Amino acid sequence: MSARADTNKDGRWLGLYVLGYLVFLYLPVLLIPLFSFNNSIQAAFPLQGFTLDWYRTLYGNPALSGALANSLVIGVIAAFGATLCGITVSYMDLYGRSPLAATISAIARLPILIPGVIVGISLLILVNLIGLGPSRVSIVLGHILVALPTTVVVMRSRFAAIPKTIREAALDLGASDWTTFRRVMLPLSAPAVLSAFMLSFLISFDEFIVVFFLAGTEPTLPLYIWSQLRFPRSLPTVMALGTVILTVSFIIAGSAEILRHRGLGAARRNPA
Amino acid sequence: MSTIVAARPSPETRISPVFRFAMLLPGGLVTFFLILFALCLVLFLAFRGNDGSLLGVGLTAENFVTVATDPLYWTVTLRSLVIAGLVTLATVVTAYPVAYYLAFHAGRRRNLLLFLVTLPFWTSYLLRVFAWKIVLAYNGVLNSAFIETGLWSEPTLAFLNTPAAVVVTLAHAYAPFAILPIYVALDTIPKSLLEAASDLGARPFTSFRRVVLPNSMPGVLAAALVVFVPTVGDYVTPAMVGGPASTMIGTLIQSQFGKANDWPFGAALSVCVMLVILCVVLVARGADRRFGSRT
């Protein structure tokens with residue numbers, strides 16, 4: 081009895097700690113939207129009054145819209161590549177029964193153990209060697225690499241959650257490997273595929289450390305922001321842009337999270 | 286289970302070669318070409334001399350001799366290790382109670398809280414660092430807030446451009462990385478272990494110290510690794526909030542491939558960083574085995 085009361089008291093103190101932790105986690109980031117509406121060039125208290133002027137400076141800025149277009153195109157293509165690799169790598173890792181498939185899956189998760197700066201320079205050497213040079217194609221390759229561990233982990237846990245019997249039933253009933261993969265396993269993991277796609281898009285869209293080395297004359301949005309940080313006068317514009325990016329990131333990450341959990345129950349409900 | 290698989294040829298043995306090839310191709314290309322081959326290029330370049338060409342000339346260990354003999358690189362490497370170590374310690378220690386709450390006390394709010402602590406992970410790293418720049422700046426949020434409330438009369442320069450600013454910013458930027466591994470480790474501790482401990486008369490703190498903490502160590506070590514690796518090579522945060530006194534090894538590597546334009550030397554520095562990380566991984570592996578990993 082007293083032990084139970086103790087646990088509840090501990091839980092309450094811990095709950096307060098978690099609340100404080102969340103405030104620490106979000107407060108600095110939320111300052112960006114706060115000051116993006118502030119009618120002053122300085123990000124400082126007291127607030128000077130509400131304005132939308134900084135958002136107006138975002139319109140009709142060719143450098144900015146060029147960077148945005150680059151980021152969107154690169155993000156979609158890189159997300160497509162990373163998701164394709166994530167699906168095939170994790171599927172073969174789980175069902176391929178070959179040392180090669182297991183090795184590929186292990187290497188695909190290796191970039192977690194390599195600092196971004198080294199991923200960046202190794203790809204810079206590589207793309208120069210094969211004649212691509214710093215370019216949008218190089219950025220796509222780099223972002224496939226950066227997003228790969230995420231898509232492999234997301235897809236692997238999803239495939240592993242599908243009862244083995246479903247796949248075995250399809251194969252026993254005479255479906256080919258390809259049919260089983262395309263008509264059974266892929267539809268059952270569709271929400272995870274979409275989630276992996278969205279998360280890898282987000283990774284590419286926000287990525288800075290690797291893209292810094294691989295960009296040629298066409299910057300992405302984070303590189304555009306970096307170039308603007310040198311000018312104190314453009315800080316409010318950066319904050320307005322940052323607010324837009326944060327909002328979009330929150331929405332995409334939230335939807336991806338919901339998708340990742342959706343349908344998991346359906347696959348588990350009839351485990352034969 | 287295994288006897289059944291052995292008695293009947295399982296479906297896996299029938300995979301067609303064409304299907305296998307097609308499915309291994311994309312991942313194989315990316316992993317072997319973009320990861321392994323690119324890393325081999327770095328290793329190769331590290332042993333070349335700089336003549337301004339892409340792959341350098343000759344075969345030399347001179348780059349490594351310079352790294353080993355010039356005290357500048359020792360200072361910077363040591364500083365990177367101390368900063369990354371402090372960040373890792375701060376992140377793991379502050380994340381542990383959060384993961385503990387999620388695993389044992391969160392109840393119905395667990396999914397929402399898990400979502401909230403992982404959400405910042407998916408937002409721009411650059412923006413999270415930028416946020417600290419406006420917090421710590423001379424005419425920034427912290428100084429102005431203190432003056433506004435009368436705690437300070439003059440703005441202070443003491444926040445920005447210090448190694449402490451780098452530690453705080455990195456700890457904040459990588460905070461979400463640490464919670465998930467620890468949470469997974471705590472969540473998979475069999476509840477029967479905890480019940481056994483309390484049935485055998487262990488007080489809550491004893492049961493935490495003797496049962497929960499050792500069993501969660503694999504998660505703690507994994508968390509420490511995923512925070513340590515990206516922070517030890519970081520170059521963005523030192524550039525944004527660190528100032529010249531907080532140059533890190535990532536900054537040096539970046540400048541070798543930029544302004545300094547000595548790619549072979551930058552490659553040698555990268556190889557050294559990877560060796561340091563390898564040592565840390567091996568130590569973590571060893572510690573993991575000592576705690577009897579369940580993974």
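So the protein lines, in turn, are chains A and B. Note that my numbering has the first sequence beginning at 81, numbered continuously upward. Note that my numbering has the second sequence beginning at 286, numbered continuously upward. Beta carbons: idealized from backbone N, C-alpha and C, even for Gly. As the structure is a computational prediction, the values presented were derived from the model and not from experiment.
Element boundaries [alpha helix (DSSP H), containing residue i]
| i | result |
| --- | --- |
| HIS341/A | 315 to 341 |
| THR379/B | 356 to 389 |
| THR163/A | 142 to 175 |
| LYS252/B | In the structure displayed, chain B extends from 286 to 580; residue 252/B sits before or after that span and is not available. |
| THR454/B | 448 to 458 |
| PRO499/B | 498 to 517 |
| ARG238/A | 216 to 241 |
| TRP306/A | 301 to 308 |
| ALA182/A | 179 to 188 |
| PRO311/B | 302 to 313 |
| ILE205/A | 196 to 209 |
| THR245/A | 244 to 252 |
| LEU400/B | The amino acid at residue 400/B is misidentified as Leu; the sequence shows Phe. Here the alpha helix (DSSP H) through PHE400/B covers 395 to 403. |
DSSP beta-bridge partners of residue i
| i | result |
| --- | --- |
| VAL342/B | GLY334/B |
| ASN118/A | PHE130/A |
Any chain B beta carbon closer than 9 angstroms to residue i
| i | result |
| --- | --- |
| ASP286/A | yes |
| MET319/A | yes |
| THR168/A | yes |
| GLY296/A | no |
| GLU337/A | yes |
| SER314/A | no |
| ILE154/A | no |
| PHE239/A | no |
| ALA270/A | no |
| MET265/A | no |
| PRO299/A | no |
| LEU209/A | yes |
| LEU144/A | no |
| VAL103/A | no |
| TRP306/A | yes |
Cutoff 9 angstroms: residue i Cβ touching any chain A Cβ
| i | result |
| --- | --- |
| GLY444/B | The amino acid occupying residue 444/B in the given sequence is Phe; Gly does not appear at that position. Answer no: the Cβ-Cβ gap between PHE444/B and chain A never drops below 9 angstroms. |
| ARG574/B | no |
| ALA416/B | yes |
| THR379/B | yes |
| PRO515/B | yes |
| ILE474/B | no |
| PHE332/B | no |
| ARG413/B | yes |
| LEU498/B | no |
| GLU433/B | yes |
| ILE368/B | no |
| ASN396/B | yes |
Simplified DSSP assignment, three categories, for residue i
| i | result |
| --- | --- |
| VAL568/B | helix |
| MET265/A | helix |
| GLY486/B | coil |
| THR436/B | Reading off the sequence, residue 436/B comes out as Leu, not Thr. Coil, per DSSP. |
| ASN582/B | In the structure as shown, chain B starts at 286 and stops at 580, and residue 582/B therefore has no counterpart that could be examined. |
| ILE289/B | Note that ILE289/B has pLDDT 44, beneath the 50 cutoff, so the model's placement of it is unreliable and no number is given. |
| ILE289/A | coil |
| ALA552/B | helix |
| MET533/B | coil |
| THR388/A | Lying before the first or after the last residue shown, residue 388/A is absent from chain A, which here runs from 81 to 352. |
| LEU138/A | coil |
| ALA85/A | Reliability of the predicted coordinates at ALA85/A is poor, the pLDDT of 49 falling under 50, and the value obtained from them is presented with this limitation in mind. The answer is helix: DSSP assigns ALA85/A an H, G or I state. |
| THR260/A | helix |
| PRO466/B | helix |
Local Cβ density within 10 Å of residue i, reported as buried at 16 or more and exposed below that
| i | result |
| --- | --- |
| HIS457/B | buried |
| ILE331/A | exposed |
| GLY435/B | exposed |
| PRO475/B | exposed |
| CYS165/A | buried |
| HIS341/A | exposed |
| PHE130/A | exposed |
| SER438/B | exposed |
| ARG236/A | buried |
| GLN539/B | buried |
| ILE224/A | buried |
| VAL103/A | exposed |
| GLY200/A | buried |
| ARG139/A | Per the sequence presented here, residue 139/A reads as Tyr, with Arg not at that position. Answer is exposed; the Cβ neighbour count stays below 16. |
| ILE121/A | exposed |
| PRO267/A | exposed |
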